[in-house]
Every structure is written in structure tokens, then in C-alpha cells.
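Accompanying notes for the structure given below.
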Amino acid sequence: MMLKSREELAAYRQSCEAALSNQSIRVLVCAGTGCVAGGSLEIYKRLIELCEEMKLDVQVTLEKEVSHEGIGIKKSGCHGFCELGPLVKIEPMGWLYLQVKLEDCEEIAEKTLKNRQKVERLFYHDETGMYEKQFDIPFYKNQTRIVLDECGQIDADSIDEYIAFGGYKALERALFEMDSEQICTEIEESGLRGRGGGGYPAGRKWVQVLNQKETERYVVCNGDEGDPGAFMDRSIMEGNPHRMLEGMLIAGIATKAREGYIYVRAEYPLAVDRLKRSIDAAQRAGLLGDNILGTDFSFNIHINQGAGAFVCGEGSALTASIEGERGMPRVKPPRTVEAGLFSKPTVLNNVETYANVPLIITNGVDWYRSIGTETSPGTKAFAITGNVKNTGLIEVPMGTTLREVVFDIGGGIKNDQEFKAVQIGGPSGGCLTLGAGQLDLPLDFDSLKKVGAMIGSGGLVVMDEHTCMVEVARFFMNFTQNESCGKCVPCREGTRRMLEILERIVGGTGKLEDIDLLEELANTVSKTALCGLGKTAANPVLSTLKYFREEYIAHVVDKKCPAGACQALKVYKINPDKCKGCSKCARQCPVGAISGEIKSPFTIDTDKCIKCGACKSACAFSAVEEV
Amino acid sequence: MEQNFDFKAVDSILEFYGNEQKNLITILQCVQADHRYLPREILEYIAEKMGISLAKIYSVATFYENFSLDPKGKYVIKICDGTACHVRKSIPILEKVRETLGVTAEKPTTSDMMFTVETVSCLGACGLAPVMTINDKVYPAMTPEKAVELLNAVREEDNE
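Protein chains in written order, with my numbering: chain X, 154 to 780; chain Z, 712 to 871.
Printed below as a string of C-alpha cells:
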């Protein structure tokens with residue numbers, strides 16, 4: 154099937170739509186990384202087997218040229234509700250089955266697929282009741298899914314389904330109804346800002362590339378989603394790869410480029426696999442390659458797999474890595490739009506940004522600007538994780554408040570603990586706290602920047618009262634220090650010294666002066682480092698110092714961890730009321746710090762104690778307590 | 712330890728991707744996929760074939776976390792210590808696994824070359840935190856106890 158004109162694509166779309174409507178029931182088994190780990194692929198296979206045994210007509214692909222009805226069973230991308238996976242969605246009813254096990258397949262096949270009945274026990278339940286439809290569940294109801302809409306709704310591996318759902322319509326419009334300038338103008342007017350963290354207007358970038366004298370240009374997609382706690386881009390690449398390819402194609406038309414590169418993290422093998430197959434399918438369909446749809450526009454897309462270097466998320470390091478070099482950033486200018494990949498003008502956007510592009514071209518600027526805020530239009534996908542009830546992938550309009558995200562969608566804090574803070578933007582970001590009244594802060598580029606945090610790529614890690622903020626700062630500093638490429642002194646040396654100080658503080662040997670030194674170092678590194686990684690490396694320190702200075706002081710002055718998390722600052726004591734004097738703890742203690750007489754309460758010598766916790770795990774009466 | 716390497720396989724990798732510098736990382740990834748590490752002999756061979764200095768190849772190979780110049784075990788265990796896994800207690804899992812296998816951060820591979828234990832910054836499976844992987848298969852919602860059971864299961868399966 155090589156489509157050679159707009160008419161051929163339109164006719165092909167009709168045949169795909171017809172094939173889709175022939176599937177009277179569509180079963181979408183989530184095959185995102187999360188659900189696959191939960192065993193969703195076995196569920197997928199079992200459902201097909203069962204249907205075949207029952208002599209039901211199963212279609213695993215869109216079967217064109219058949220006129221009878223059938224049951225479509227497919228592997229979709231991430232539905233987002235990873236906490237309760239594996240997920241199975243039944244369309245057109247909109248039912249969502251959660252935590253499906255292999256044993257549940259027979260009931261699903263018999264009841265739902267054969268007789269169109271519900272399996273109620275697999276629906277979502279909480280204290281407010283039972284929800285059979287996916288979009289009635291509070292987790293989904295409060296979201297606006299426009300970029301992730303098809304993740305979980307379509308077969309991630311099928312270009313036919315993407316086309317049936319209106320895919321490549323934006324490409325059609327860009328190719329046949331617009332010229333490069335018009336596309337750039339439309340993207341600029343839409344107000345689309347880069348979703349990778351910086352928030353730079355995408356359209357402005359495109360115009361700058363278009364206006365370069367050099368005619369060899371590149372379109373690069375940054376899929377090196379390295380922020381720990383973020384997986385939005387992974388889900389798009391796995392769940393709806395064609396949307397992103399279509400966005401890159403449109404960027405190609407807009408900037409008159411002929412070659413595109415996708416740089417994907419090595420930790421995302423499934424995404425690489427799905428992208429490869431999608432590129433093949435698009436090539437076979439004539440939507441990638443030479444003379445696309447019979448026009449004189451030609452465009453190819455290559456995939457480069459990263460090799461594990463966080464700094465490669467930085468533009469100039471990423472292009473160096475695609476060139477086969479060490480992924481080290483360089484001094485700017487010249488900027489990537491002037492001299493990026495192979496020193497040619499380069500458009501570099503991230504996965505989510507490209508996935509927004511087809512929506513804008515298809516639905517128009519006014520529609521796009523009706524979502525989100527004046528200065529940050531559209532939506533943002535967040536990966537909400539940590540100590541929150543509903544973890545997963547969500548999408549909300551820009552400007553949604555933190556409260557709505559954590560409590561309405563996230564369902565509040567796990568185990569009904571108190572909310573303490575969220576860490577946003579990964580190791581480059583900061584924290585938003587209850588104490589500073591930031592629960593009602595709108596999440597958009599500018600509001601976050603004002604309070605010293607950033608959207609980053611969209612990782613939101615929720616922390617409860619038992620999380621020590623100094624330890625959080627240490628954790629991120631450890632990460633950044635590890636990932637510092639070593640090219641510039643402020644980052645290479647500064648992150649190491651900051652880490653040492655933080656380790657002293659959580660280790661109970663910090664001094665009061667350490668806090669001032671830490672702050673001074675943090676400010677210096679922020680001002681003097683070469684690239685984005687170094688410039689933002691101190692953000693978690695500065696932000697926790699700003700909002701949780703008293704926790705730092707408690708660690709160095711009182712030698713106490715207020716959250717009770719730092720092992721080195723714990724003191725183990727035996728509660729004499731609970732102790733039966735069995736001597737089990739004393740026998741377990743590796744340093745002989747516990748003594749006492751049988752049948753009367755034992756005691757721990759805190760000078761000898763190494764705080765290993767062996768006594769606590771050994772005690773059958775919960776008499777050993779941490780204070 | 713003197714080993715014979717299959718240079719023919721290296722030849723076909725080089726032929727497939729071409730000798731330009733821009734393909735170096737991909738080529739190294741293929742070599743590592745075959746050998747589970749980058750043997751010096753093969754790097755020397757590649758340097759000569761590609762006309763790139765060995766120093767240059769080493770500079771690239773040592774820059775990226777995923778490349779290893781030391782042989783790895785048959786089963787590579789990665790314990791995720793990304794933010795989400797970290798706040799859901801990934802470190803006790805790492806400690807338990809290291810203790811069980813008798814490995815450390817400095818010596819991550821068991822002497823029988825069965826297991827290598829590493830940490831990874833984020834696998835992007837944060838909804839299932841804490842997670843670990845064994846040869847890229849993801850195991851969700853781990854605890855130190857579950858990790859030990861898993862290790863035993865892998866050992867048993869390997870014995871069969």
C-alpha cells in the first residue's frame with residue numbers, strides 16, 4: 154500500500170474507518186511498560202485463545218475487505234492508571250477493567266466478549282462507589298486528555314488505526330494547503346511552548362531555522378527523558394508513536410528539512426521497538442521517504458539510541474551524541490537553530506511538543522488557545538508518583554492547581570498521611586510545599602518559575618510527612634553529581650562539594666557553617682555552570698533550603714531528623730513496658746550494645762549502637778522503638 | 712584470560728552500519744549486546760577498521776554509563792533508584808540483593824559470573840515503584856523479601 158496522493162490517503166482512511174466500525178467490540182489491553190510488567194501480554198494472548206476456542210471472530214489487526222462483524226483485540230499504549238494495572242478497556246462501552254489477572258480472562262471472554270455483559274468486580278471501586286466507565290473514574294474525570302487521548306484508545310502498533318482515528322490529517326493540511334511560513338506562523342500563534350522544560354516558544358524556533366541561509370537542516374526529537382520520576386514521553390512513544398512522527402514531519406515541512414532524528418533513552422527498549430515499526434509502516438504507506446503523497450517533499454526519520462548519559466538531554470550534548478561523540482555540551486552561541494546537528498541549523502523539540510503539533514494544525518489556533526492559560530496554552534502531561542494514592546500518567550490544562558492534581562486526580566496521600574511537598578521538574582526543579590501555601594499555585598511555566606521551581610519535563614513526585622527534605626536534596630545532588638559530564642569546573646567540583654556537605658548533614662556530622670557554605674556554593678554553581686544541567690543542579694538544594702531550612706538546622710544542631718527518615722540520626726531504645734526480657738535482641742546485636750538480665754527489661758548502649766536496626770526486626774513484642 | 716572473539720560478527724556489524732564516526736555508538740551497542748561488555752580486543756579491531764584512534768573509542772565508551780569495559784554476569788540485575796522508587800524505599804532492596812549475592816558497588820559481579828547488580832536512575836516505570844529488572848524484564852512493586860525469592864527462582868531456573 155503506497156499512497157501516492159491526497160485522494161489515495163482519503164480513500165485509504167475510509168477503508169480503515171469501515172474496518173474499525175466492523176469491530177463491534179474492541180478490547181484494548183494496555184501494553185505500556187507498567188502493565189507489561191504486570192503480565193498484560195499473557196492476558197492479551199489468553200483472551201485471543203479463549204475467543205478462538207469459543208469460535209468468536211477475533212481480529213488482531215484491522216481487517217479490511219471483510220464485511221462481517223468481529224471482536225478486535227489489541228495491544229494499546231499506556232492508559233495512565235499504572236497503579237491499578239494491568240488494565241483492559243472495552244469499547245464502545247467505555248468499560249475499564251482494572252488489576253486484571255490471567256484467571257479473570259475466562260470470565261471476561263464468556264461474559265463480556267460473548268454476551269456483552271459487565272464483569273462488575275473488575276471495575277474501579279472506592280469509598281464513593283463503583284465506576285464502570287473509564288472517564289467517570291475521578292482519576293480520569295478531572296483530566297483533559299488531548300495529547301494522550303489516543304494512548305490507550307488505539308492499537309499502538311497499527312498505522313491503520315491511527316489513520317482511522319484521523320491521523321495524518323494534519324500532515325495532509327500542512328502538505329497541500331499551507332506553505333512553510335504559514336505553518337511556522339500558526340505554531341507561533343498557537344503559543345505552543347517546548348514541553349521539555351525550558352518552555353521556549355516552538356514556533357519561534359522553527360522560524361529561526363527556516364530563515365537560515367544554510368539549506369541543509371535537521372529536525373531532531375529529544376526522547377532522552379532522563380529526569381527520574383518522569384515517563385510522559387515514554388508513554389507517547391510507546392502508545393501513539395505516529396502522532397509524534399506526524400509532528401516531526403510537519404516540522405520538516407515548516408523548516409524545509411529532509412532528515413529527522415529521534416534520540417531515545419537506552420532504558421526505553423519498548424519505545425525504540427515501537428518507533429522502529431511505526432517508521433517502517435509509515436515508509437510503506439508512502440508517508441515517509443521520497444515524494445511523500447506524490448509531492449516534492451521528502452523526509453526520512455532515523456532513530457538513535459542513547460547510551461545512558463543524563464546530560465544528553467541538553468541540546469548540544471544530544472547532537473554531539475548523535476554524531477557519535479562524547480555527549481558533552483558546548484558553549485553557546487552559536488545556538489542549535491544556527492549550528493546544531495552536524496553543525497547545521499536544527500529544530501530540536503521534545504516528544505510531547507511534537508505530539509501537540511498535529512492537534513494545532515488539525516483543530517486550529519483558536520481551539521488550542523482555548524485550553525490552558527494566556528501565556529501557557531494547551532495541556533501538560535505529568536507523571537504523578539511517590540506517596541500518592543493514584544500514581545500514573547495524567548494530562549491537565551496548563552494552569553491547573555497543584556491541589557487538583559494531587560487530591561482530585563491523585564486521590565490524596567497514600568495511607569492517609571499528611572501532604573508535605575511535591576518535587577517538580579526532577580533534579581533541575583524545586584519543591585512546592587504546603588507550608589508556603591503553594592497547593593493552590595497554578596501549574597504553568599511562568600508561575601512555577603516565579604517560585605524557583607520549573608515544570609521540567611513533568612515529573613511530579615509527591616512526598617508525605619515521613620520524607621526528609623534534606624535527604625531529598627542529597628538524593629538529587631547525588632544524581633546530578635553522577636551525571637555531571639565534567640567539562641566545566643563549577644558543575645564538576647561544585648556538585649561534588651555540595652554532595653559531600655549534604656552527606657555530612659544527613660550523616661549527623663554536619664555543622665551550622667555547612668548550611669551557609671552549601672548555600673554559597675549553590676548560588677555560585679547556578680550562576681557559573683556551562684549548561685542547563687549545571688545551572689539547575691542546585692535548584693533542589695536552594696528550594697529545600699528556602700522552605701525547609703529548619704529541617705537542615707535540626708539535622709546539624711539537634712542531630713535529629715524531624716521526618717524520622719535519616720538512619721544515622723535515629724536512636725534505638727527499648728520500651729521497658731513492652732520488653733519481656735527474652736534476650737533475643739541482645740543475641741542479634743552485631744556489636745554487643747544490648748545488655749540486661751533475663752525476664753527484666755534490656756537496655757541499649759547508645760554509644761556502642763551502630764543503628765543497624767537488627768534488634769528492631771528481631772523483637773517479637775515491638776519493644777524496640779526508634780526515637 | 713585468553714579468549715577468541717568472533718571478529719566476523721564484528722565485520723558484519725561494521726558493514727551494516729558503515730565506518731563513519733556518527734555510527735560509533737550504535738556499533739558499540741551492538742558489540743555489547745553480543746558480549747555483554749566491550750572487550751578491548753574488539754575495540755582495537757574496530758579502531759583499525761573504522762580508522763578512528765583507540766583513544767577516541769575509549770573516550771566515547773567510558774563516557775556513557777551503559778558501556779562496560781568489564782565482563783558482566785549472565786543475569787544483569789538493575790535496581791531502580793529513581794525518585795519515585797527512592798521515596799518508596801528502593802535502597803533496602805539494593806542492600807538486600809547485594810548482601811544475598813555477596814557483591815558491592817565496587818565489585819558488582821559475582822565470582823561465578825552469574826549476576827551483576829547495578830542501580831539505574833529511572834526506568835520510567837514509576838507507577839510500579841519500586842521496580843527492579845533482570846535482563847530488562849521489569850518486576851514491579853518489589854520488597855527485599857520478594858527480591859530474594861526472585862533471585863532464588865532465577866537460580867533454580869538456570870540450574871534446570
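Cβ coordinates follow ideal geometry from the N, Cα and C atoms, glycine included. Keep in mind that this is a model prediction, so the values were computed, not measured.
- For the segment 613-643 of chain X, the set of residues with a beta-carbon nearer than 7 Å to any beta-carbon of chain Z comprises 614, 616, 620, 628 and 632, in chain order.
- By the C-beta density criterion, residue 167(X) is exposed, having fewer than 16 other C-beta atoms within 10 angstroms.
- Residue 335(X) counts as exposed, since fewer than 16 other C-beta atoms from the protein chains shown sit within 10 angstroms of its C-beta.
- Nearest CB-CB separation between residue 190(X) and chain Z: below the 8 Å threshold.
- Residue-level contact by beta carbon fails for residue 790(Z) and chain X, as no gap is shorter than 8 Å.
- Using a Cβ distance threshold of 8 Å, residue 240(X) and residue 251(X) count as a contacting pair.
- Chain order gives no chain X residues near residue 864(Z), where near means a beta carbon separation below 7 Å; the closest approach is about 15 Å.
- Residue 718(X) is not a Cβ neighbour of residue 584(X), given a cutoff of 8 Å.
- By the Cβ neighbour-count rule, residue 520(X) is exposed, with fewer than 16 other Cβ atoms within 10 Å of its own.
- If you check each beta-carbon in the segment 514-544 of chain X against every beta-carbon of chain Z, the ones closer than 8 Å belong to 536, 538, 539, 540 and 544.
- Residue-level contact check: residue 750(Z) does not touch chain X, since none of the beta carbons of chain X fall below 8 Å from its beta carbon.
- Uninterrupted alpha helix (DSSP H) stretches at least 4 residues long and entirely within the segment 830-863 of chain Z do not occur.
- Taking all protein chains shown into account, residue 503(X) has 16 or more neighbouring C-beta atoms within 10 Å of its C-beta and is therefore buried.
- For the pair residue 224(X) and residue 176(X), the CB atoms are nearer than the 8 Å cut-off.
- Take the alpha-carbon of residue 305(X) and the one of residue 455(X): they are about 25 Å apart.
- For residue 759(Z), the enclosing alpha helix (DSSP H) begins and ends at 751-761.
- Counting the other CB atoms within 10 Å of its CB gives residue 310(X) a total of 16 or more, which places it among the buried residues.
- For residue 834(Z), the closest Cβ of chain X is nearer than 8 Å.
- A residue is called buried once 16 or more other Cβ atoms fall within 10 Å of its Cβ, and residue 481(X) is buried on that count.
- Residue 628(X): member of the alpha helix (DSSP H) spanning 622-636, first to last residue.
- Looking at the DSSP output, residue 453(X) shares a beta bridge with 412(X).
- For residue 270(X), the number of other beta carbons within 10 angstroms of its own is below 16, and it is reported as exposed.
- For the pair residue 740(Z) and residue 158(X), the Cα-to-Cα distance works out to about 39 Å.
- The beta carbon of residue 296(X) sits no closer than 8 Å to any beta carbon of chain Z.
- Taking the beta carbon of residue 382(X) as reference, the chain Z residues within 7 Å of it are 793, 794, 795, 833 and 837, listed in sequence order.
- Around the beta carbon of residue 221(X), a 10 Å sphere encloses fewer than 16 other beta carbons of the protein chains shown; the residue is thus reported as exposed.
- For residue 491(X), the secondary structure class from DSSP, reduced to helix, strand or coil, is coil.
- The Cβ atoms of residue 392(X) and residue 229(X) lie closer than 8 Å to each other.
- Looking at the backbone, the Cα of residue 321(X) and that of residue 527(X) are separated by about 28 Å.
- Annotation for residue 451(X): 411, 442, 443, 444 and 445 place their beta carbon closer than 8 Å to its own, counting only its chain and skipping 5 residues before and after.
- Uninterrupted beta strand (DSSP E) stretches at least 3 residues long and entirely within the segment 525-601 of chain X occur at 532-539, 545-550, 572-577 and 583-586, given in chain order.
- According to the DSSP assignment, residue 282(X) belongs to no alpha helix (DSSP H) but to the beta strand (DSSP E) extending over 282-284.
- In the structure shown, residue 778(X) adopts extended strand secondary structure according to DSSP, grouped into three states.
- Residue pairing by DSSP leaves residue 779(Z) without any beta bridge partner.
- In this model, residue 540(X) and residue 323(X) are separated by some 40 Å (Cα to Cα).
- In chain order, 460, 461 and 462 make up the part of chain X whose C-beta sits under 7 Å from the C-beta of residue 775(Z).
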